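Each remark here refers to the structure printed beneath this line.
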Amino acid sequence: MSTFNNVTGLLPKGARNDGAGSTAGGGPGGAASQPGRRPPRPNNLVTSPGLRRAAGRLLTAVGVVWAAATFTFLIQALLPGDRATLLLNQLAGQVQQRTAAELAPINAKYGFDDPLIVQYFRFLADLATGNLGVSYQLHKPVTEVIGDQVGPTIGLTFASLLVAWLISAVVIVGTARRSRAVSSVASGLEAVAAGLPQYWLGVILLVVFALNLGWFPVVGGSGLAGLVLPALTLGIPLAGFLGQVTRTEFEKGMDQPFALSARMRGMGDTGVRLRHVLRHSVLPGVTLSGWALGSLFSGAVIAESIFSRPGLGKVLVTAVNSRDLPVVCGIVILIAAIYVLANLLVDIAYTLIDPRLKNS
Amino acid sequence: MTATLEQTATAGTVRQELLNVRNLDVSFSAGRGRNARLNHVVKGVDLRLAAGECLAIVGESGSGKSVTARTLVGLPGANAAVQAERLELAGHQIGTLGERQWRQLRGRDIGFVLQDALVSLDPLRPVGKEIEEALRLHGWGNRRSRAAKAVELLASVGVPQPELRAGQRPDELSGGLRQRALIASAIALDPRILIADEPTTALDVTVQAQILELLGRMKERGTGIVLISHDLSVVATLADHVAVMQGGSIVEQGPARHVLYHPQHEYTQALLDAIPSEHTKGTPLTKDGRARITATSRRPRTARPADAPPVLRAEGLVKSYQGHDGAVRTVVDDVSFELRAGETLGIVGESGSGKSTTAKIALAMLEPDAGRVLLDGAAWTGISTAARRSRRRSVTVVYQDPLSSFDPRWNAERILLDAISRRDFPGEAERAARVLELAGQVGLQVEHLAKHPLQLSGGQRQRLAIARALAPEPEVIVLDEAVSALDVSVQAQVLDLLTDLQQELGLSYLFISHDLGVIHHMSDRVLVMKDGRAVEQGSAEDVFNRPRHPYTRELLASLPKLGLAPGQRTPAAAATPTIGGSSS
């Protein structure tokens, strides 16, 4: 109740000016008010810039997922081919025309006869309650199909991102602003790595390190050893991209007076690189990681099929091949949600890395 | 040059020698293959410093003073070759040190302070962490004792609330506090030598005075200070010895009183003459300027009609902004002034005083929240852009950094052509002639017109900016820190140019600067701003000689002064014994 009073009482802009007065009269239970600390800062939730921004982000996130869902719904509904026929054929494992009598119960069950707009709202309502429909092929709820396989894929995605960051950080710290030759060779290698096709790289790694050298299992299990080659397959090209965007920033950082200041107080060159400059150079890479996380998630299919790993990739390929649309749509929506989540994480990482951004 | 030690010996106390450099040469290799060349940046420099003394190295940009300073801590830069007959620092032969030995020396025996702590301290970390780092690197104490020592050090350099400040980042501190924090990180281990490279350059004059006082106290405690500066008057308050560098060589060196008051070398004299101050008022700052005056026998610039009508008139200007935290800050608060035809009104104040916002309002690029500006008696603010357009040309502007106001892909000629009115100069030939006329007025050569802004020197760029401001034949030019980024000798040329142009063309200047000397030299009347308010206004004579407001007095007291007019300066040979006692 008192929070409500606070919100409505302080909404007019003019009232914000006298921060001291509103703190004093802020009522007994204002959970958001922090008496004594920074009086000019408004003490209600609605006008707090951080929360307003967070609310905006959340709204955008919901918007993106909604757009992805709508898109997949339209594809399901408008693609040529009758959905009921498709479903029946999948069930029977044969392709043939179906009679109206055969189709009627299916249409009734899935509501394919309803007007599109009704179907759309039902789809959205289901989505809101976490129901993504039932797989045509597996006759299991889509959430279950995805839930069974999502673990290994998430593991692979994060492992690849980690590998990419490790490789690019080591290469950058080791080579940026060294001699001209070292720096340009490393920069060139980054460009090559960024351009490597993942499929080709995966096969090469498989042949060399698993088949010939036998260092890693040929068929990737769920263990850590089985994760190395798939993670490298996805991580090396990404490391090239990360390196390219980080290198410029890193070199700029090395030229900054604070780097010289640190040397002047007795710090070694490597210390300056690791403790000062690296932190300044990672912001563009972090931005890229937000995109990369979503992209790795959808690209995991390549590594999963090369190394015969369990994961969402295989589910997606099977679903696409057999036109199991609810599963395809479920995965598309999941990827959209992951993109959104990744970008939220990027924003949080931003203010952790550069606290100055909190105020701007 | 050997006077250093002799003098201290005769003074009764033999002080420990901290620095002995003889015949130092530093060169940089640039380019590769056939383009490879050697830039000889420091040539045959000799320096000596004893404990408890301050040696100032003075020079303009590119004189090699910073490279000299950095060579003393073994960090001259990439591709540098260092040679010296003798290179002794705090008892170490530093010419032969390896990287590991250097790292032990840096921070422990030598402290180094760079200019502008906003970027010289890591902007992402709290300042306390930077101080702790200096301690940690030399194995001092443990985590907890280092944190306590950092707070103690901040307190010792005069930072109030040191516990709070230690946890704040440089951008959360004021300029003075962050420079103190930077100094604290450099003196954490009580080094015997402190090298300060332009330690006060980015600071306001009152803050500068505090930092100089802090350095003075360290000197008294026995720290040897090497002070690098472009500003002779800053040096005058602290230095015992002065070395003047030009083009990589020391052209003059000796006790501060000799060098500053009885300069021998022509360059030192020119540098001293170029400093604008109350004594230079009404006279040109450069030799060329003085020669021109005698040649054409122009009347002194101070004679001016006092009852001229106001060209620009500001009444009760108010401007406020809302910050991110929701608080409203009044940046300009009830400011009124008049700028009369052919006169210069100086607006002086420290950073954040609202002087640039006032300039923007005067240019009608910003509408005031209250109050109004009149141009030639007619409304200039509070009217539509269309209504203003026909008179836009009457008020032009020159900024501190002209480079960012030029299109980098245009050459000087195109920049000027763009500013020339097609109505006044319809023909192509007429416009070309006008470009040449403008270039001539500001002293740009024809060959400069083909160049792009990046290829011009700082002084030439500022001349180009002035020519562009002249192009529409304005009545008023707003000069917003227009000479603040220039070396003192270039600044002198530009100030002389502005004075000449004012006389030739009857221009009115709204001259905004933080530099009291420049304001005093240029202004007929002066407006002193503090925290958005005009605290004092009057003739330059009154404001500078009979200041009424306490803030004006504080400003003037903070101003480092050389103390003598150019005319009073004499070559050392003719010096009176009382001043130049040890000149023999």
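These protein sequence lines map, in sequence, to chains C and W. Residues 1186 to 1545 (this note's numbering) are what the first sequence spells out, left to right. Residues 8 to 591 (this note's numbering) are what the second sequence spells out, left to right. Positions of the beta carbon are idealized from the N, C-alpha and C atoms, including for glycine. Since the structure is predicted, the reported quantities are computational estimates derived from the model, not experimental observations.
Beta-carbon of residue i versus every beta-carbon of chain W: anything under 9 Å?
| i | result |
| --- | --- |
| Ala-1447/C | yes |
| Gln-1275/C | no |
| Pro-1540/C | yes |
| Phe-1443/C | yes |
| Ser-1483/C | no |
| Arg-1242/C | no |
| Arg-1237/C | no |
| Arg-1432/C | no |
| Arg-1365/C | yes |
At which residues does the alpha helix (DSSP H) containing residue i begin and terminate?
| i | result |
| --- | --- |
| Val-126/W | 124-127 |
| Leu-445/W | 435-449 |
| Pro-1415/C | 1410-1439 |
| Lys-50/W | Segment 44-57 is the beta strand (DSSP E) holding Lys-50/W; no alpha helix (DSSP H) there. |
| Glu-548/W | 547-552 |
| Phe-1443/C | 1442-1449 |
| Gly-182/W | 182-193 |
| Ile-473/W | 465-477 |
Which class does residue i belong to by DSSP, given the choice of helix, strand or coil?
| i | result |
| --- | --- |
| Phe-119/W | strand |
| Ile-200/W | strand |
| Arg-1458/C | helix |
| Lys-458/W | coil |
| Leu-562/W | helix |
| Gly-378/W | strand |
| Gln-23/W | coil |
| Glu-420/W | helix |
| Pro-237/W | It should be noted that the sequence gives His, not Pro, for residue 237/W. In this structure, His-237/W counts as coil in the three-state DSSP scheme. |
| Lys-288/W | coil |
| Glu-106/W | helix |
| His-248/W | strand |
| Asn-1506/C | helix |
| Arg-399/W | helix |
| Tyr-406/W | coil |
| Glu-543/W | strand |
| Arg-93/W | strand |
| Pro-169/W | helix |
Count the other C-beta atoms from every protein chain shown that fall within 10 angstroms of the C-beta of residue i, then say buried if there are 16 or more, exposed otherwise.
| i | result |
| --- | --- |
| His-1324/C | exposed |
| Ser-34/W | buried |
| Thr-1284/C | exposed |
| Trp-387/W | buried |
| Val-134/W | buried |
| Tyr-328/W | exposed |
| Trp-1350/C | buried |
| Val-501/W | buried |
| Ser-1364/C | exposed |
Got a sec, what are the start and stop residues for the beta strand (DSSP E) residue i sits in?
| i | result |
| --- | --- |
| Leu-319/W | 317-329 |
| Met-529/W | Where Met-529/W is concerned, there is no enclosing beta strand (DSSP E), although the alpha helix (DSSP H) it sits in stretches over 523-529. |
| Ile-593/W | The structure shown has nothing for residue 593/W, since chain W only spans 8 to 591. |
| Tyr-1321/C | No beta strand (DSSP E) contains Tyr-1321/C, which DSSP labels as neither H nor E. |
| Ser-343/W | 335-347 |
Could you confirm whether any beta carbon from chain C is found closer than 9 Å to the beta carbon of residue i?
| i | result |
| --- | --- |
| Leu-25/W | no |
| Ala-188/W | no |
| Asp-341/W | no |
| Arg-555/W | no |
| Val-126/W | yes |
| Ser-192/W | yes |
| Asp-129/W | yes |
| Glu-106/W | yes |
| Arg-39/W | yes |
| Ala-377/W | no |
message: Please list, in chain order, the residues of the segment 1451-1475 of chain C that have any C-beta partner in chain W closer than 7 Å.
response: Gly-1451, Met-1452, Gly-1453, His-1461, Arg-1464 and His-1465
task: Compile a chain-ordered list of the residues in the segment 168-187 of chain W whose CB is closer than 8 Å to at least one CB of chain C.
output: Arg-176 and Asp-178
- request: Anything in the segment 108-123 of chain W with a Cβ closer than 9 Å to a Cβ of chain C? List those residues in chain order, please.
  value: Trp-109, Arg-110, Gln-111, Leu-112, Arg-113, Gly-114, Arg-115, Ile-117, Gly-118, Phe-119, Val-120, Leu-121, Gln-122 and Asp-123
field: Under 8 Å (Cβ pairs) to chain C, residues found in the segment 138-150 of chain W
entry: Glu-140, Ala-141, Leu-144 and His-145
- prompt: For the segment 62-82 of chain W, which residues have a CB atom closer than 7 Å to at least one CB atom of chain C, in sequence order?
  reply: Val-80 and Leu-82
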